[in-house]
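Just so you know, we're using this note's numbering here: the sequence shown kicks off at 57 and counts up by one. Comments concern the structure below.
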Amino acid sequence: RREETIESEIIGSLVDPRTEKLFLVYQPIIDTRSKKTVGFEALARLKTDAFGYVSPTEFIEITERRHLINRLGEWIFQSSLLFLKQLEYEGYEGMKISVNISGVQLMDSSFRSKIMDRIISSRINPKNVNLEVTESVLFDNYEFVNKTLRMLRDDGITISLDDFGTGYSSFARLRELNIDCIKLDKTFINNIGEVMDENLLSGDIISLSHRLGLKVVAEGVENLGQVMYLEKKNCDMLQGYYFSKPLLIDDAIQFLRKQQ
Ligand code: C2E
Ligand code: MG
Ligand code: MG
C-alpha cells in the first residue's frame, strides 16, 4: 500500500508540478585546487502527504518497478537543464550539471536522442552536462550500455561512474568503459583520519584512475582531515557536507555569490 501511495503521489506531481511534492536540490561539486564550485549534482526529493519525506533510493526504485522512471527521469533531466540555464542567466557560465540516471533509463533505445533533443532545444553546451551511472547498470547490460555511453560522449556529454568501489568494479573493466570520471564512494572517504594513511585505499584508487585517464570526485566529504588527505592525493573534485549539503535553487545561487 505504501508503494501504491508513493506511486500515485509521484504521478500526481508529474501531472501537476504545482503540488511541489517533487523537487530537486543541488549539491555543489568543488574543484580541489581552487576550492571553487565547478558544478552541481541534482538530487531528487519527494515530500508525500502520506509519509512526509521519502528517500530517493526508495522512490526511484518504486518508479523503476512501476515503469514510471522514464517519465520521472525526463522531468528530472529537464528541470536540471533549467537550473543550469538559470545559473547562466545569473552570470555563472561554464558550470556543470550532474544528473543521476537510472539503469532502466539507459536501456531505453531512445534515451540518447531524448537527452540530446532537450540539450539542443535548451541551447546548452553538452560539455556542461554530466550523467552519473552506477556500476550495477553497466555490468548487467555491459555491451549495450557501454555503446550508448560512447555515443553520448561523442555528443560531448561526460559520464561519471557513481558509487565507485561498492559494486563489482574492476580496474580491468574500467579501462574499456566509456566514462570520464569516477565518483569514489563515501565508504572510502569515511575512514580517512581513522586509520593510518598507508592503509587507506582511496589514494591508490585515485592514482590508478588517473593512470587510466579518469578524473576522480570524492563523495561524502565531511571534514577538513579528509579534504587535506584528498588534496595530497590529487583528487580532482570534492563533494560533501563539509562544503555544502544539497541546496534549493535560491540557496545554490546564494552559495555561489558568497564564494565570489
Ligand atoms: P548518489 O548519487 O551517490 O548521491 C549522493 C548521496 O550522498 C545523496 O543522498 C547526498 O545527499 C548524500 N551526501 C552528500 N554529501 C554527503 C555527506 O557529506 N555525508 C553524507 N552522509 N551524505 C552525503 P540522497 O540525495 O539521499 O540520494 C541517494 C541516492 O539516490 C543517490 O546517490 C542516487 O543514487 C539516488 N538518486 C537521488 N536523486 C536521483 C535522481 O534524480 N535520479 C536517480 N536515478 N537517482 C537519484
Ligand atoms: Mg550521484
Ligand atoms: Mg554516489
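All C-beta atoms, glycine included, are put in the ideal place defined by N, C-alpha and C. Remember, predicted model here, so these are calculated numbers, not experimental data.
Point to revise | Close beta carbons around residue 180, own chain, < 8 Å, minus the five adjacent residues each side | key: In the sequence shown, counting from the first residue as 1, residue 180 sits at position 124. Only 137, 140 and 141 meet the Cβ criterion.
Check your understanding: If we count Cβ pairs, one from each stretch, closer than 8 Å, do we get three or more for the region 76-85 versus the region 277-287?
Key -> no
Point to revise | Distance between residue 93 and residue 306 (C-alpha atoms, nearest Å) | key: Residue mapping note: residue 306 aligns to position 250 of the sequence shown, counting from 1. Residue mapping note: residue 93 aligns to position 37 of the sequence shown, counting from 1. Distance between the alpha carbons of residue 306 and residue 93: 15 Å.
**Study point:** First through last residue of the alpha helix (DSSP H) which encompasses residue 176
**Key:** The residue labelled residue 176 in the question sits at position 120 within the sequence shown. Looking at the DSSP string, the run of the alpha helix (DSSP H) that includes residue 176 is 167-177.
Check your understanding: Are three or more beta carbon pairs between the region 120-127 and the region 88-108 nearer than 8 Å?
Key -> no
Point to revise | Paired residues, beta bridge with residue 233 - DSSP | key: Numbered from its first residue, the sequence shown carries residue 233 at position 177. Its beta-bridge partners do not exist; DSSP assigns none.
Exercise for review: Whole angstroms is fine: what's the gap from residue 156's alpha carbon to residue 222's?
Suggested key: On the sequence shown, residue 156 is found 100 positions in, with the first residue counted as 1. On the sequence shown, residue 222 is found 166 positions in, with the first residue counted as 1. Answer to the nearest angstrom: the Cα atoms are 16 Å apart.
Point to revise | Three-state secondary structure assigned by DSSP to residue 282 | key: Position 226 of the sequence shown, counted from the first residue, corresponds to residue 282. Three-state DSSP puts residue 282 in a helix.
Practice item. Pick out whichever of 312, 258 and 175 has its Cα sitting closest to the Cα of residue 290. Key: By 1-based counting over the sequence shown, the position of residue 290 is 234. It is 258 whose Cα lies nearest to the Cα of residue 290.
Practice item. Compute the distance between the beta-carbons of residue 110 and residue 99, then report whether it is under 8 Å. Key: Taking the first residue of the sequence shown as 1, we reach residue 110 at position 54. Taking the first residue of the sequence shown as 1, we reach residue 99 at position 43. No, the Cβ-Cβ distance between residue 110 and residue 99 is not below 8 Å.
Point to revise | As assigned by DSSP and simplified to three states, the class of residue 188 | key: By one-based count along the sequence shown, residue 188 stands at place 132. It is a strand residue.
Review point. Which residues are close to ligand 2, meaning CB closer than 5 Å to any heavy atom, in chain order?
Key: 156, 188 and 218
**Study point:** Delimiting residues of the beta strand (DSSP E) encompassing residue 99
**Key:** Locating residue 99 in the sequence shown gives position 43, where the first residue counts as 1. 93-104 is the extent of the beta strand (DSSP E) around residue 99.
Check your understanding: Could you give the residue range of the alpha helix (DSSP H) that holds residue 306?
Key -> Taking the sequence shown and counting its residues from 1, the one referred to as residue 306 is at position 250. Element bounds for residue 306: 305-315.
Review point. What does DSSP give as the partner residues of residue 214 in its beta bridges?
Key: By one-based count along the sequence shown, residue 214 stands at place 158. Per DSSP, 186.
Review point. What residue from 231, 185, 59 and 256 has the CA that sits closest to residue 212's CA?
Key: Indexing the sequence shown from 1 puts residue 212 at position 156. Of the candidates 231, 185, 59 and 256, the one whose C-alpha sits nearest the C-alpha of residue 212 is 185.
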